[in-house]
Amino acid sequence: MLVLRKVAAIVAAGLIVSGAAHAETAKWLRADSPHFTVYSDNSETVTRAYLHRLEQYRYVLGIFHNRDAEDDANTPRMTVYFVEGLGDIRKTWPDVRSGVMGYYKACDQGSAAFAIYQDDFTTRKASSVEKQAENLSQVVLFHEYAHTFMMQNSDVKYPKWFIEGYAEFYSTIRLEGDKAEVGTASAMRAANLINSDLLPYEDILRDKPYIHKAPGDVNRFYAQSWLLAHYILSDPARRQAFDAYLEAFDKGEDPVSAFEKAFGIPIKTLQKTLHTYMLKNLMATVYRIKDMPDSDITIAPMPVSANRLLLSDAAVRVCPSRDFGQVLLKSIETEAAKYPGEDYARMVLARAQIIVGDESQALGYLRDYTKAHPDDAESQYRLGQTLFLMTMHGHIEAGETRASQMKEARQTLYKAYKLDPLNAPNLYHYSLTLGDEGVTDNAVNAAIQAHYLAPSVDEYAVRAAWLLVSRDRAEEAKEMLYPLANNPHNQDLSQWAGNILSAIDRHASKEELLKLLRGERKSEDHDETPGGDAAPAKPDTPAK
């Protein structure tokens with residue numbers, strides 16, 4: 003039912019940690035596995051067990067969706083910050099409310115998940131998978147990774163309720179040895195279903211705007227979406243009916259009529275049907291998973307300077323607000339100055355200067371570093387990004403022209419691509435450097451690949467859609483916009499993308515579509531409004 007897409011075969015490259023390690027005093031560890039990079043301020047034992055569980059979870063999702071080794075090779079690593087408590091979370095998101103166990107954020111600069119360490123569930127084994135206690139931090143992270151997994155591997159246009167219901171369904175997976183329990187009820191979602199007035203399912207199916215606004219309605223939307231997804235995913239016949247519903251939904255049929263026709267359940271009785279299912283038939287299933295992976299995990303201490311720099315760097319990498327970005331920049335400048343000559347501290351400062359400061363200040367260091375480390379993908383990407391932004395902001399080096407400096411930026415970003423083809427921000431910026439050359443095949447292909455690697459980033463989707471429309475490929479642009487139109491977390495963005503999809507369906511002119519794509523769109527992700535430019539870069543249109 004979850005239709006998988008195979009991304010073009012590309013070879014992943016490893017990442018480098020700069021700087022000398024001070025194991026005797028360092029607080030932070032970096033742990034790498036085939037599909038995750040985890041930064042942890044916990045013990046090596048707990049960090050290893052935590053990362054092992056993430057790899058197992060990903061493997062189980064792949065088993066359920068017939069994902070093969072070739073697909074695995076084409077998936078970028080997810081970055082996770084495994085932190086001690088809410089105080090650490092607030093260093094990356096100052097306005098986070100109390101009680102939050104973690105969050106995920108994606109923007110044109112990158113993406114990361116943040117999760118709070120809860121108990122020692124990763125090292126203490128339960129007597130059976132069924133008796134394993136619920137871990138809210140794990141549920142949050144599994145939920146967010148399920149979103150990532152779905153978007154990276156599916157071309158299907160899903161309704162918002164199923165996008166959230168699917169993530170909720172797989173978020174509560176419990177793992178022990180070679181067993182996986184799937185379909186467990188979240189205590190919070192069960193309480194929402196039992197102790198509160200429920201939303202009309204016709205409003206959920208038709209995606210009425212109010213269900214995404216008031217906190218109580220949002221909680222009910224999540225709980226009821228989980229229950230409906232559980233009802234569908236737990237039965238082969240209902241999964242088949244859901245395929246018919248999706249086909250009708252994709253054609254634009256009324257969601258309620260399409261549901262009644264596919265499932266044979268009148269919408270007026272759906273609430274009762276699901277309530278009965280919850281009380282009498284809802285259950286979790288324990289599967290024995292063949293060849294559960296024992297992934298290769300490497301763990302190394304971060305430099306002691308990371309104690310004061312790592313979380314600030316993490317916040318910078320996921321597009322802080324303008325004001326918070328300036329706070330982070332000042333803090334990083336102060337702390338990095340305490341470690342003169344240390345590459346880790348200097349690279350953190352360079353990233354901050356590029357993303358929230360004056361990128362030209364990073365140029366000298368990045369030139370020296372890439373000369374000494376020509377095979378380091380991250381520094382090559384940052385050098386190319388720096389040259390691109392300097393060109394866009396009119397900062398042309400002595401002896402260069404705008405054209406020659408942009409060419410160097412493009413060549414450097416291409417070098418970074420050869421070293422790490424799975425770096426979506428690098429592909430996005432490479433596409434932007436081709437703006438002066440018109441809408442070239444390379445610009446289109448790079449933008450599309452960036453979107454496939456990170457489909458939740460609206461800048462990538464809009465860039466790819468803009469280029470496709472410019473090449474008279476509006477029908478293909480729809481695929482880029484579906485994740486935005488069906489985004490349950492950002493109603494303004496969803497409506498904006500939905501309007502463009504409607505315009506494509508009514509065969510609007512290229513000029514009208516490009517005007518719509520240039521229109522203002524809002525981000526509701528915390529207080530952030532990441533930068534970026536949908537159209538080919540122009541001298542008077544900075545991408546920063």
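Under our numbering, the sequence shown has 317 at position 315, and the numbering climbs by one with no breaks. We put the beta carbon where it would ideally sit given N, CA and C, even for glycine. Since the structure is predicted, the reported quantities are computational estimates derived from the model, not experimental observations.
Pairwise C-alpha distance: residue j and residue i
i    : j    : result
K215 : E402 : 52 Å
D199 : I118 : 31 Å
P485 : S458 : 7 Å
N447 : Q413 : 16 Å
L421 : N428 : 11 Å
A135 : L436 : 52 Å
E249 : R60  : 28 Å
S236 : R208 : 23 Å
A23  : A347 : Here A23 scores only 41 on pLDDT, less than 50, and its place in the model should not be relied on; the value that follows carries that caveat. Each residue's alpha carbon lies about 12 Å from the other.
A418 : L389 : 13 Å
D296 : L351 : 36 Å
A192 : Y247 : 26 Å
P238 : T150 : 24 Å
D443 : V102 : 44 Å
E410 : H395 : 16 Å
V98  : I91  : 8 Å
W228 : K332 : 43 Å
K270 : W163 : 18 Å
R241 : I234 : 5 Å
Q497 : E439 : 32 Å
D460 : L483 : 8 Å
L470 : A28  : 48 Å
A505 : I206 : 24 Å
Backbone secondary structure at residue i - three-state DSSP
i    : result
T39  : strand
I301 : strand
A108 : strand
V441 : coil
E178 : strand
Y341 : coil
S496 : helix
E204 : helix
S458 : coil
S333 : helix
P485 : helix
G359 : coil
W95  : coil
L311 : helix
R523 : coil
G401 : coil
Q140 : helix
D377 : coil
M190 : helix
Beta strand (DSSP E) segment containing residue i, residue limits
i    : result
V288 : T287 to R290
A510 : Neither: A510 is in no beta strand (DSSP E) and is coded neither H nor E.
D34  : L31 to D34
V131 : That residue, V131, is in no beta strand (DSSP E); it is neither H nor E in DSSP.
V85  : M80 to V85
N- and C-terminal bounds of the alpha helix (DSSP H) containing residue i
i    : result
Y119 : Careful: Y119 lies outside any alpha helix (DSSP H) and carries neither H nor E.
D474 : Neither: D474 is in no alpha helix (DSSP H) and is coded neither H nor E.
A260 : P257 to F265
R369 : L365 to A374
In DSSP terms, what residue i is bridged to
i    : result
V184 : T287
S236 : Looking at the DSSP assignment, S236 forms no beta bridge with any residue, so it has no partner.
A114 : K107
S100 : In the DSSP output, where bridge partners are listed per residue, S100 has none listed.
S323 : Per DSSP, none; premise fails for S323.
Per-residue burial, residue i [other beta carbons within 10 Å of its own, 16 or more giving buried]
i    : result
N501 : exposed
T77  : buried
Y83  : buried
Q328 : exposed
K107 : buried
L281 : exposed
N283 : exposed
M285 : exposed
R290 : exposed
H453 : buried
P342 : exposed
P305 : buried
G104 : buried
A114 : buried
S167 : The sequence given here places Gly at residue 167; Ser does not occur at that position. Classification for G167: buried.
E344 : buried
Minimum Cβ-Cβ distance from residue i to chain C less than 8 Å
i    : result
R473 : Structure shown: chain C not included; a single protein chain is present.
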